[in-house]
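Student:
There are 2 protein chains.
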Amino acid sequence: MRIALDGMGGDRAPNVVVAGALQALGDLDDDTLILFGDEPVLRELLGPAQIWEKAIRIEHAPEVIGMDEQPVDALRRKRHSSIAVMAKHAAEQQVDVTISAGNTGAYVAACQMRLRPLPGVLRPGIMVVFPTFGGPVTVCDVGANIAPKPAHLYQYALMASLYAREVLSIENPSVGLISIGQEDAKGNELVRKTNQLLRDDERIRFVGNVETRDFLNRPADVIVCDGFVGNVILKLTEGLAEGLFKSIKRELSLEDPEFVHRIQPIIDRMYARHDYSEYGGAPLLGVDGTCIICHGSSDERAIKNAILRCRDQVKLGINKKIAAELQKVAVDDGEIS
Amino acid sequence: MRIALDGMGGDRAPNVVVAGALQALGDLDDDTLILFGDEPVLRELLGPAQIWEKAIRIEHAPEVIGMDEQPVDALRRKRHSSIAVMAKHAAEQQVDVTISAGNTGAYVAACQMRLRPLPGVLRPGIMVVFPTFGGPVTVCDVGANIAPKPAHLYQYALMASLYAREVLSIENPSVGLISIGQEDAKGNELVRKTNQLLRDDERIRFVGNVETRDFLNRPADVIVCDGFVGNVILKLTEGLAEGLFKSIKRELSLEDPEFVHRIQPIIDRMYARHDYSEYGGAPLLGVDGTCIICHGSSDERAIKNAILRCRDQVKLGINKKIAAELQKVAVDDGEIS
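Residue numbers (numbering that gives the first Met the number 0), protein chains in the order written: chain A, 0 to 336; chain B, 0 to 336.
(1) Just confirm the distance between the C-beta atoms of N347(B) and G65(B), as a whole number of angstroms; I'd bet it's less than 8 Å.
(2) DSSP beta-bridge partners for E91(A)?
(3) Hey, how far is the Cα of L27(B) from the Cα of V313(B)?
(4) By how many angstroms is the C-alpha of I247(A) removed from the C-alpha of I266(A)?
(5) Looking at G180(B): is its Cβ nearer than 9 Å to the Cβ of E210(B)?
(6) Q69(A) versus chain B: which residues are under 7 Å apart at the beta carbon?
(7) Which residue wins for smallest C-alpha separation from A60(A), given the options L34(A), G46(A), V71(A)?
(8) Note the first and the last residue of the continuous alpha helix (DSSP H) segment covering A109(A).
(9) Would a C-beta distance cut-off of 9 Å place V223(A) and G175(A) closer than the cut-off?
(10) With 9 Å as the limit, tell me which residues of the region 6 to 31 of chain A have their beta carbon closer than that to any beta carbon of chain B; keep them in chain order.
(11) Which residues in the same chain have their Cβ closer than 6 Å to the Cβ of Q22(A), if we skip the five residues on either side of it in sequence?
(12) Name the chain B residues that come within less than 9 Å of T211(A), Cβ to Cβ?
(13) Please report the Cβ distance between I317(A) and V166(A), rounded to the nearest whole angstrom; I am assuming they are in contact, meaning their Cβ atoms lie under 8 Å.
(14) Out of K319(B), V228(B), F214(B), which has the shortest C-alpha to C-alpha gap to L239(A)?
(15) When you compare the CB of R261(A) with every CB in chain B, is at least one pair closer than 9 Å?
(16) Have a look at N187(B), H260(B), R272(B), E250(B) and flag the residue whose alpha-carbon is nearest the alpha-carbon of G226(A).
(17) Name the one or two DSSP bridge partners that H79(A) has.
(18) Just to confirm, is the Cβ distance from G124(A) to H151(A) under 9 Å?
(19) Along the chain, where does the beta strand (DSSP E) that runs through M126(B) open and close?
(20) Anything in the region 133 to 153 of chain B with a Cβ closer than 9 Å to a Cβ of chain A? List those residues in chain order, please.
(21) Identify whether C293(B) lies in helix, strand or coil by the three-state DSSP scheme.
(22) Would you mind reading off the limits of the alpha helix (DSSP H) that contains E165(B)?
(23) Does chain A have any CB closer than 9 Å to the CB of N187(B)?
(24) Any beta carbon from chain A within less than 9 Å of G333(B)'s own beta carbon?
(25) M269(A) touches chain B at which residues, Cβ-Cβ below 8 Å?
(26) Given that E254(B) touches chain A, what residues does it touch there, using C-beta distances under 7 Å?
(27) Please list the partners that I317(B) has in chain A, where partner means a Cβ-to-Cβ separation under 8 Å.
(28) Answer with yes or no whether the minimum CB distance from I179(A) to chain B is below 9 Å.
(29) What do you reckon, are the CB atoms on A86(B) and M112(B) nearer than 9 Å?
(30) Could you give the C-beta distance for D220(A) and T289(A), rounded to a whole number, given that I count them as a contact under 8 Å?
(31) Using a C-beta cutoff of 9 Å, does F227(A) count as contacting chain B?
(32) Any Cβ of chain B within less than 9 Å of the Cβ of G207(A)?
(33) I'd like to check one pair, E58(A) with A3(A): are the Cβ atoms closer than 9 Å?
(34) Does the beta carbon of R268(B) fall short of 8 Å from some heavy atom of the ligand SAM?
(35) Helix, strand or coil for N208(B) per DSSP?
(36) Between G124(B) and chain A, is the shortest Cβ-Cβ distance under 9 Å, so that the two count as touching?
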């Protein structure tokens, strides 16, 4: 498999990305890793060629899109950026998968501009696997589509269910819809109409509306929501977990500094168990290609996991299955007919 | 002051509500507490009359709206419910404040139906004070208005700023707008238009869009968002904090049961410091009256705090100040003209 990796994307790129690539080498089977970015810089970081040249190839892309640049504008100005060149390679089918921990907006925009949607798909969505206390919860969308129509959320339910079944081996996954009350009548217009669409499709095991209060208890295997709300949930969960652990440690150190040393391994273990980079990056579901989005703060392990895990999605033929599933329902833009 | 309290509202009503009322007695000055609900039941719980009869009066309301009942439907069917009768008393100015820990939807609907909006206010919003690691953050709206227009969020910024200044004594409070990126161009249409309105008003110290990742670090004194998103944030924060603490205790008990005993007081202390019932209930800002919403899970202390704190809002004349402030800007429904 030809796995494209954005060498310049991420808070600590290119160092961490190159380190992650090198860590993945041992488990790569026959796969080739293609690193996109500034060739001299990447070559220097990779070190002695004999270690990596059998499995890694560099594709020169001299420009870098910064983490905070305005996505569409940056893509227009920086045609030779790692993200732009990588997406072009994906469109020309010179690579099978693309991975980036860079500017999410720019990466998603590049993938959406360069790759067609899968047949039947109205709008791609970003899917994240959250490791909650009750097990993994698959959430879609977390930021690709911030003004969705009911039919988009309905399709996210179908796509994410399929992913949960095929990749996470969850048989007959249940689906919940984020709302502000469990009753069907609760929520805004988008939620009420989506609720109806999900209820009406027998292929979906819909458990109804779910509230974020129950989120960590895993109210369903798959959860759908609009991209704005999904992004709010994703970032609040991150910020809150980090903040609470920090606060606990501060309190403990006031009490007894010795105690902090004893509790640190426990916190580390909890973090590891609830670390969503364990599941690799977040796929952009619904495009005719395999695009994996990594967190900007990804460390070597997260990059390595994304590289190794993304292969399942290709091998299991998720895209073919999505297309087959979604084409069974005729859709126009916004309504199920 | 005449403070109306819904005796039947809350997960553990009427017991906890009555207990909270009795706890508040000592600090009540000349105020009268009017308990709405089933008179024989309330009387029995209140105990010997000589303890309370100087400060508490009972207003009989034989029906109860359940926590999960459909709000508008329940209000229509149960005209003699504590919520309905209490709102009627507020409309007739027989009480100065109303407080309920009952069905939030029904209580808010009753207040909105019975009380007029303040002059100039387009749509009332529920405001909550979150005690974050960095200090209190005032958030509006957390569930009253789930399909707001930009002008509504703009007014929430004005009203909540005024509340933060007058009640929380925060001089010149800063205002942030929840979005999925800090740049002005990020977010859905509602956020982009609201961003512009907030930027254009010199009375508002607007710090721009804020992300939920930074929420606990208190990115601004006041945060505005649509009611759906605010409700998602409120409930996720609650669920996550509870879940994380539970998980920490479980991990610790596996390691060493002795640990749990040592960490419990620390967790309790953190909870107390970040307990939003410290700030009393959540006001419904923008109605011509003072309506305080308590959490369904409120304990005696939360009820007591709501009773004692609500008086500031009346004494400080918040409503008059809101009306004066909002009438300076001519608004029609949805746009600032």
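Where a beta carbon is used, it is the ideal one built from N, C-alpha and C, also for glycine.
Tutor: Reading it off the structure:
(1) This structure cannot settle anything about residue 347(B), because the visible part of chain B is limited to 0 through 336.
(2) Beta-bridge pairing links E91(A) to no other residue.
(3) One C-alpha to the other measures close to 14 Å.
(4) So the two alpha carbons sit approximately 10 Å from each other.
(5) Taking 9 Å as the Cβ cut-off, G180(B) and E210(B) qualify as a contacting pair.
(6) Under the 7 Å cutoff, chain B gives E182, A184.
(7) Comparing alpha carbon positions, the residue from L34(A), G46(A), V71(A) closest to A60(A) is L34(A).
(8) Looking at the DSSP string, the run of the alpha helix (DSSP H) that includes A109(A) is 103 to 113.
(9) Taking 9 Å as the Cβ cut-off, V223(A) and G175(A) qualify as a contacting pair.
(10) Answer set for the region 6 to 31 of chain A: empty.
(11) Within the same chain, and ignoring the five residues on either side of Q22(A) in sequence, the residues whose Cβ sits closer than 6 Å to its Cβ are E299, K303.
(12) Within chain B, the residues near T211(A) are N230, V231, I232, L233, K234, L235, T236, E237, G238, L239.
(13) With 8 Å as the limit, I317(A) and V166(A) qualify as a contact, their Cβ atoms being about 7 Å apart.
(14) Taking each of K319(B), V228(B), F214(B) in turn and checking the Cα distance to L239(A), the smallest one comes out for F214(B).
(15) It does; some Cβ of chain B falls within 9 Å.
(16) Looking at the Cα atoms, N187(B) is the closest of the given residues.
(17) DSSP lists no partner for H79(A).
(18) Yes; because the gap between Cβ atoms is below 9 Å, this pair is in contact.
(19) It spans 124 to 131 - the beta strand (DSSP E) in which M126(B) sits, taken as one unbroken run.
(20) Only G142, I145, A146 from the region 133 to 153 of chain B bring a Cβ to less than 9 Å from some Cβ of chain A.
(21) Here C293(B) sits in coil by DSSP.
(22) Annotation for E165(B): the continuous alpha helix (DSSP H) segment containing it runs 149 to 165.
(23) For N187(B), the answer is yes, since a Cβ of chain A falls inside 9 Å of its Cβ.
(24) Caution applies to G333(B), whose pLDDT of 49 falls short of 50 and renders its modelled position unreliable; the value that the coordinates give is listed next. G333(B) does not count as touching chain A.
(25) Chain-order list of chain B residues neighbouring M269(A): S246, I247, E250, by C-beta distance under 8 Å.
(26) Listed by position along chain A, the residues whose Cβ is nearer than 7 Å to that of E254(B) are I265.
(27) Under the 8 Å cutoff, chain A gives no residues; its nearest Cβ is about 26 Å from I317(B).
(28) By this cut-off, I179(A) is an interface position.
(29) For A86(B) and M112(B), yes; Cβs fall inside 9 Å.
(30) Not confirmed; about 22 Å, so no contact.
(31) True, the Cβ-Cβ gap to chain B drops below 9 Å.
(32) No, because no Cβ of chain B sits closer than 9 Å to the Cβ of G207(A).
(33) Yes. Within cutoff.
(34) Looking at this structure, you won't find the ligand SAM or any other ligand, since it has none at all.
(35) Strand, per DSSP.
(36) So, not an interface residue.
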